[in-house]
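Residue numbers (this note's numbering), protein chains in the order written: chain A, 1 to 490; chain B, 1 to 490.
A virtual CB, placed ideally from N, CA and C, is assigned to each residue, including glycine.
The next block holds one structure in the form of structure tokens; read it before the comments.
There are 2 protein chains.
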Amino acid sequence: MSKEKMKGISVKKNEDFSQWYTELIQKAELADIRYNVRGLVPYRAWASITIRKMYRVYEETLERKGHLPLIMPTLIPESNFMLEAKHVEGFSPRVFWVTHGGDKELEERLALRPTSETALYQMYSLWIRSYNDLPFKRYVSGQVFRYEGADTRVFFRAREFHWIESHDVFATEEEAKQQVIEDMETTYEMLQDEFAIPIIFFQRPEWDKFPGAVHTYAADALMDSGKVLQLPSTHLLGQNFSIPFDVKFIDENNDEQYGYITCYGPAISRIYGAMIALLGDDNGLVLPWDLAPIQVVVIPIYRSATKDEVLEKARELETALKKYMKETTIKLDDRDYVSPGEKFNEWELKGVPLRIEIGPKDIQNEQVVVVNRISGNKESVKLVDLKNYTSSYASNFTKELKKKHSIQFEAQVQLAQTVDEVKKAIGENKIVCSGFCSIDLDGESCAELIEKEVKAFVRGKRVDTEKHKFEKCVVCGKPAKETIYIARSY
Amino acid sequence: MSKEKMKGISVKKNEDFSQWYTELIQKAELADIRYNVRGLVPYRAWASITIRKMYRVYEETLERKGHLPLIMPTLIPESNFMLEAKHVEGFSPRVFWVTHGGDKELEERLALRPTSETALYQMYSLWIRSYNDLPFKRYVSGQVFRYEGADTRVFFRAREFHWIESHDVFATEEEAKQQVIEDMETTYEMLQDEFAIPIIFFQRPEWDKFPGAVHTYAADALMDSGKVLQLPSTHLLGQNFSIPFDVKFIDENNDEQYGYITCYGPAISRIYGAMIALLGDDNGLVLPWDLAPIQVVVIPIYRSATKDEVLEKARELETALKKYMKETTIKLDDRDYVSPGEKFNEWELKGVPLRIEIGPKDIQNEQVVVVNRISGNKESVKLVDLKNYTSSYASNFTKELKKKHSIQFEAQVQLAQTVDEVKKAIGENKIVCSGFCSIDLDGESCAELIEKEVKAFVRGKRVDTEKHKFEKCVVCGKPAKETIYIARSY
Numbered sequence: 001m002s003k004e005k006m007k008g009i010s011v012k013k014n015e016d017f018s019q020w021y022t023e024l025i026q027k028a029e030l031a032d033i034r035y036n037v038r039g040l041v042p043y044r045a046w047a048s049i050t051i052r053k054m055y056r057v058y059e060e061t062l063e064r065k066g067h068l069p070l071i072m073p074t075l076i077p078e079s080n081f082m083l084e085a086k087h088v089e090g091f092s093p094r095v096f097w098v099t100h101g102g103d104k105e106l107e108e109r110l111a112l113r114p115t116s117e118t119a120l121y122q123m124y125s126l127w128i129r130s131y132n133d134l135p136f137k138r139y140v141s142g143q144v145f146r147y148e149g150a151d152t153r154v155f156f157r158a159r160e161f162h163w164i165e166s167h168d169v170f171a172t173e174e175e176a177k178q179q180v181i182e183d184m185e186t187t188y189e190m191l192q193d194e195f196a197i198p199i200i201f202f203q204r205p206e207w208d209k210f211p212g213a214v215h216t217y218a219a220d221a222l223m224d225s226g227k228v229l230q231l232p233s234t235h236l237l238g239q240n241f242s243i244p245f246d247v248k249f250i251d252e253n254n255d256e257q258y259g260y261i262t263c264y265g266p267a268i269s270r271i272y273g274a275m276i277a278l279l280g281d282d283n284g285l286v287l288p289w290d291l292a293p294i295q296v297v298v299i300p301i302y303r304s305a306t307k308d309e310v311l312e313k314a315r316e317l318e319t320a321l322k323k324y325m326k327e328t329t330i331k332l333d334d335r336d337y338v339s340p341g342e343k344f345n346e347w348e349l350k351g352v353p354l355r356i357e358i359g360p361k362d363i364q365n366e367q368v369v370v371v372n373r374i375s376g377n378k379e380s381v382k383l384v385d386l387k388n389y390t391s392s393y394a395s396n397f398t399k400e401l402k403k404k405h406s407i408q409f410e411a412q413v414q415l416a417q418t419v420d421e422v423k424k425a426i427g428e429n430k431i432v433c434s435g436f437c438s439i440d441l442d443g444e445s446c447a448e449l450i451e452k453e454v455k456a457f458v459r460g461k462r463v464d465t466e467k468h469k470f471e472k473c474v475v476c477g478k479p480a481k482e483t484i485y486i487a488r489s490y
Numbered sequence: 001m002s003k004e005k006m007k008g009i010s011v012k013k014n015e016d017f018s019q020w021y022t023e024l025i026q027k028a029e030l031a032d033i034r035y036n037v038r039g040l041v042p043y044r045a046w047a048s049i050t051i052r053k054m055y056r057v058y059e060e061t062l063e064r065k066g067h068l069p070l071i072m073p074t075l076i077p078e079s080n081f082m083l084e085a086k087h088v089e090g091f092s093p094r095v096f097w098v099t100h101g102g103d104k105e106l107e108e109r110l111a112l113r114p115t116s117e118t119a120l121y122q123m124y125s126l127w128i129r130s131y132n133d134l135p136f137k138r139y140v141s142g143q144v145f146r147y148e149g150a151d152t153r154v155f156f157r158a159r160e161f162h163w164i165e166s167h168d169v170f171a172t173e174e175e176a177k178q179q180v181i182e183d184m185e186t187t188y189e190m191l192q193d194e195f196a197i198p199i200i201f202f203q204r205p206e207w208d209k210f211p212g213a214v215h216t217y218a219a220d221a222l223m224d225s226g227k228v229l230q231l232p233s234t235h236l237l238g239q240n241f242s243i244p245f246d247v248k249f250i251d252e253n254n255d256e257q258y259g260y261i262t263c264y265g266p267a268i269s270r271i272y273g274a275m276i277a278l279l280g281d282d283n284g285l286v287l288p289w290d291l292a293p294i295q296v297v298v299i300p301i302y303r304s305a306t307k308d309e310v311l312e313k314a315r316e317l318e319t320a321l322k323k324y325m326k327e328t329t330i331k332l333d334d335r336d337y338v339s340p341g342e343k344f345n346e347w348e349l350k351g352v353p354l355r356i357e358i359g360p361k362d363i364q365n366e367q368v369v370v371v372n373r374i375s376g377n378k379e380s381v382k383l384v385d386l387k388n389y390t391s392s393y394a395s396n397f398t399k400e401l402k403k404k405h406s407i408q409f410e411a412q413v414q415l416a417q418t419v420d421e422v423k424k425a426i427g428e429n430k431i432v433c434s435g436f437c438s439i440d441l442d443g444e445s446c447a448e449l450i451e452k453e454v455k456a457f458v459r460g461k462r463v464d465t466e467k468h469k470f471e472k473c474v475v476c477g478k479p480a481k482e483t484i485y486i487a488r489s490y
């Protein structure tokens with residue numbers, strides 16, 4: 001095997017996804033699992049640049065929709081944490097506890113925030129006074145901590161991950177419900193339009209809600225394999241937290257009322273993981289144009305006799321493109337200790353959208369060779385046309401990527417009337433649609449049976465329109481109150 | 001006292017700085033000290049927006065100078081932390097320790113990072129292979145934790161604060177020293193040019209270095225009162241960390257060498273504190289143009305008969321200005337439950353650089369009234385001139401602010417030959433310049449005497465040129481190796 005090949009990923013994505021993902025992360029220098037705390041992973045520069053871009057576009061969108069930023073303490077006193085019973089039950093097995101400052105034992109243990117409700121809402125209770133202060137929409141960007149089991153996977157599930165959480169308070173339940181719809185719209189805008197990840201929203205069953213929520217609506221990303229991956233979820237908390245945390249306001253009649261709260265938590269690092277897993281190919285990372293740390297790489301191809309001439313032309317070209325496309329990051333890779341072949345592999349591995357090659361023959365013909373990261377197609381472009389070519393390439397690239405990965409949800413779905421049919425369809429990498437007795441707690445035992453027998457999960461009911469209707473629950477045979485979807489998940 | 005007055009700050013800044021600062025933070029809604037963990041403080045939206053802008057301009061500058069971002073774990077295993085002896089000694093009394101995950105005691109305690117050397121350098125040791133990888137320049141943006149004593153003050157000194165830390169590795173000591181100079185230049189660019197905070201750099205004495213550094217160079221901000229406040233510092237770590245953390249590279253002769261490391265830590269939240277303390281006045285916050293969350297506020301002044309007409313004109317004006325100045329945040333304050341007088345006070349308190357008032361008379365005269373936040377001056381501007389007026393106002397505002405707060409360092413300095421002279425000058429709010437035996441550890445006892453007798457601190461020797469020269473140490477009378485500065489500090 002040549003040196004160049006060895007630097008690439010040694011397996012095909014569809015043959016061994018897990019190995020492919022692990023090698024991609026290491027070889028494209030995205031993260032390093034050798035940090036000496038299990039489940040905590042440094043993100044290297046290439047991933048950090050993209051993750052920061054994702055934060056920025058998400059934050060700008062939330063701000064455009066009326067959210068303001070807050071910077072909140074990372075530590076939450078144990079007593080706050082205990083105020084909402086379901087929240088305690090859901091999170092306390094997964095909390096990291098700070099017990100000492102220097103040599104001194106702290107008077108009260110402090111939780112590393114697993115989510116910020118119990119830090120924020122006591123402050124909201126102080127900040128919100130009257131209906132004039134509502135709606136009150138804020139977001140916090142930062143990391144949260146969850147003491148997960150051993151099944152961590154870089155970006156997908158970690159003991160420290162990076163997210164945004166928005167927490168909004170309204171005077172009426174109706175407005176809160178409207179916010180949940182806005183959050184779902186935001187999710188579509190971000191994930192589908194910006195990050196090229198196809199998703200679908202489900203209302204989660206009662207047993208799979210956010211601890212303390214009235215309802216949870218979660219986006220599932222549709223991965224190639226028929227598996228789904230939970231991405232952002234938005235929660236109607238109603239008055240479940242405003243009562244224990246005393247989030248009240250004076251209404252127009254001068255009466256005290258409890259606010260209605262919603263919260264929404266896009267996990268940027270997890271979405272990044274989904275993006276590299278979904279969009280990547282056998283050669284490595286593929287990234288939407290705007291999110292790539294470098295968008296255009298120029299690679300000079302020369303021997304010692306032609307080096308000066310080629311490098312000069314390549315520099316000229318780099319300068320001209322930079323001047324023309326000010327928002328674009330263009331890199332001339334003039335390292336002379338790396339061969340052109342290795343450079344091709346390296347930048348493909350790292351998902352640079354456009355490669356421009358220039359050698360002595362190209363200079364003679366007043367052209368360059370351009371290589372498309374999605375299709376791998378090579379073509380020659382005349383130097384006089386290069387600016388136009390590049391800017392049109394830039395505006396088409398993400399569209400092309402979305403087109404390639406758009407998944408027709410309906411085409412992945414298989415209807416099933418019995419648990420055996422569910423099993424068979426899941427085995428064929430399908431998402432299953434079935435009748436179900438109930439997504440209230442009554443239905444939990446049927447869901448547990450599916451989990452045990454089929455190793456797949458009830459994702460809940462579709463939030464958009466549902467056209468399928470069933471008579472009976474696929475498990476217990478009782479009348480089906482709901483149409484639900486079952487899928488394996490990451 | 002009128003309702004409006006009560007909402008303002010009740011004391012003058014130069015009469016009771018401490019009370020002024022506390023009220024400013026509360027009344028301008030910058031932060032809230034009522035969070036129930038001592039030394040941890042939520043930053044409200046108004047402060048968070050500015051702090052995020054400060055991060056962005058700082059990060060862009062570091063990137064322009066060749067740094068790439070990293071996202072690093074917040075938790076550091078105790079064993080890493082113990083590798084560099086001076087570092088342990090300096091930081092371990094101030095570390096918050098995580099000991100439990102859920103109910104389980106962790107096998108090894110984890111430190112909430114007080115700074116990231118001991119997390120980063122083990123990774124650098126894996127990532128840096130050859131001289132081709134050098135210089136290796138990275139930065140981490142985020143919060144750090146220090147278990148400080150009771151003397152915390154919002155933004156200035158907290159148990160969790162927000163900073164950037166850059167950590168750079170070089171092949172030679174000379175390049176590392178050059179980086180320290182670049183870091184100081186960056187500090188001047190940011191603090192003086194962007195944030196309007198006058199600073200001066202001192203090389204800190206041996207006893208006041210960063211734990212583990214060869215040399216520490218720190219910026220002191222010159223506050224009105226003759227007191228100084230330590231702001232960013234940059235540290236030559238040399239090989240002090242590269243040896244225990246094994247940060248090596250293969251040089252051009254194929255020999256293994258240890259790298260030379262520098263680190264630089266601008267504490268954004270502390271700089272924000274310095275900025276509001278230094279630039280603020282008796283009416284509240286004053287912020288540089290680019291850092292204000294809202295730059296222009298339009299206040300309509302009407303009675304019920306003129307309401308529609310005035311609001312319509314104000315909206316027109318808002319729309320026209322927004323279209324003309326796309327980068328500027330312009331707010332029309334059309335709340336009808338707040339009086340114009342209260343609005344004036346509120347936006348002055350919050351440091352909005354430009355206020356535009358418009359009432360029925362102004363409409364008749366085709367003009368508006370504009371109020372300058374620095375000078376408080378009011379003037380009328382014709383509607384046809386408003387766009388030009390505003391854009392020229394925008395480009396002058398920060399210059400004006402810098403001019404107002406530029407402090408001639410020399411004018412604050414008083415030379416002193418004896419401890420009594422030092423005491424007298426410090427009492428007169430001067431910074432003292434004296435001869436000193438040594439800034440090596442030999443001089444520590446003389447510095448301790450000054451601290452005890454004068455309640456002031458040896459800041460070190462000037463990094464730029466020093467024109468004063470003394471024969472003897474101001475304390476012990478031995479030959480003066482150095483010229484140093486003594487000041488009270490926040």
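Inter-residue Cα distance where the pair is residue i and residue j
i, j, result
"Ala314 of chain B", "Gln295 of chain B", "16 Å"
"Tyr272 of chain A", "Glu89 of chain B", "39 Å"
"Arg488 of chain B", "Gln122 of chain B", "38 Å"
"Phe344 of chain A", "Ile9 of chain A", "14 Å"
"Thr390 of chain B", "Trp46 of chain B", "23 Å"
"Asp193 of chain B", "Ile431 of chain B", "23 Å"
"Arg204 of chain B", "Arg459 of chain B", "6 Å"
"Tyr124 of chain A", "Leu236 of chain A", "17 Å"
"Val381 of chain B", "Ser339 of chain B", "23 Å"
"Lys248 of chain B", "Thr172 of chain B", "12 Å"
"Trp289 of chain B", "Ile439 of chain B", "40 Å"
"Ile71 of chain B", "Leu321 of chain B", "39 Å"
Beta carbon of residue i nearer than 8 Å to that of residue j
i, j, result
"Leu126 of chain A", "Ile49 of chain B", "no"
"Gly359 of chain A", "Gly284 of chain A", "no"
"Asn14 of chain B", "Gly226 of chain B", "no"
"Ile200 of chain A", "Phe409 of chain A", "yes"
"Gly259 of chain B", "Val169 of chain B", "yes"
"Gly39 of chain A", "Ala158 of chain A", "yes"
"Val154 of chain A", "Ile33 of chain A", "yes"
Interface partners of residue i on chain B, CB under 9 Å
i, result
"Trp97 of chain A", "Val98, Thr99, His100, Gly101, Gly102"
"Asp87 of chain A", "Strictly speaking, residue 87 of chain A in this sequence is His, with Asp absent from that position. Per Cβ cutoff of 9 Å: no residues; His87 of chain A is ~15 Å from chain B at best."
Chain A residues whose Cβ lies nearer than 8 Å to that of residue i
i, result
"His162 of chain B", "Ile71"
"Ser92 of chain B", "Gly102"
"Ile51 of chain B", "Ile71"
Within chain B, partners of residue i - CB distance below 8 Å
i, result
"Leu32 of chain A", "Per the sequence shown, the amino acid found at residue 32 of chain A is Asp instead of Leu. Ordered by position in chain B, the residues that pass the 8 Å Cβ test against Asp32 of chain A are Met123, Leu126, Trp127."
Amino acids of chain B, ordered along the chain, whose beta-carbon sits closer than 7 Å to that of residue i
i, result
"Gln143 of chain A", "Thr74"
"Tyr55 of chain A", "Within chain B, no residue comes near Tyr55 of chain A; the closest Cβ sits about 10 Å away, beyond 7 Å."
> Does the pairing of the segment 470-481 of chain B with the segment 409-429 of chain B give three or more beta-carbon distances under 8 Å?
Replying inline: Touching, yes.
> At what residue ranges does the segment 40-123 of chain A contain a whole run of the beta strand (DSSP E), taking only runs of 3 or more?
Replying inline: Taken in chain order, the complete beta strand (DSSP E) segments of 3 or more residues contained in the segment 40-123 of chain A are 68-70, 75-77, 96-101, 104-112.
>> Ignoring anything shorter than 3 residues, give me the beta strand (DSSP E) runs that lie fully in the segment 228-308 of chain A, in order along the chain.
In response: Runs of the beta strand (DSSP E) inside the segment 228-308 of chain A: 228-238, 248-250, 256-258, 260-264, 296-300.
>> For the structure I just gave you, are there three or more beta carbon pairs, one from the segment 178-192 of chain B and one from the segment 207-214 of chain B, closer than 8 Å?
In response: The segment 178-192 of chain B, when compared against the segment 207-214 of chain B, does not touch it at the 8 Å Cβ threshold.
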